[in-house]
Amino acid sequence: MAERAGLDLDDINEDEVDIASLTGPKNPKPKVDRKELNKVSEEAGFVSRQAPRQRRRGGRTAYTQQKNFKMRPDMPELFADVADGLGIKDYELLEMAIQALLAKQKMKDELERFKSITS
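Read in our numbering, the sequence shown has 26 at position 28, and its numbers run on one by one without any break.
As structure tokens, this is what we get:
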């Protein structure tokens, strides 16, 4: 069987070796500005393959009853954009729309009921 090669540690002068530089923290990678990176990438013709991030909409409210209904394509996004444009939540936009419809259609009983529910 072949004999292993030695490490030749006898040749190293311990006074010349800086142990702290060998065992210290590694140099951290420089931080990259993501916006700048995306801009340069798009200019070079590279397009992101990641899905766009969903907007976070939420928070705790007194609204606990849920009603699900179907909508036309792109309507949920329009609904959210209108609410964002007004600076309100989706449920507040729905209540404003119902109130406006009841007032326009002159549905007094339903409008009074709406006011008693929302007050």
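Note that CB positions come from ideal geometry on N, CA and C, so glycine has one too.
Within the same chain, no residue comes within 8 Å of Pro71 by CB-CB distance, once the 5 residues on both sides are set aside. Contact between Phe112 and Leu91 is absent: CB atoms are separated by about 15 Å, not below the 8 Å threshold.
Contact annotation: Glu108 and Leu100 have beta-carbon atoms nearer than 7 Å. Put simply, the backbone Cα of Ala81 is about 56 Å away from that of Thr21.
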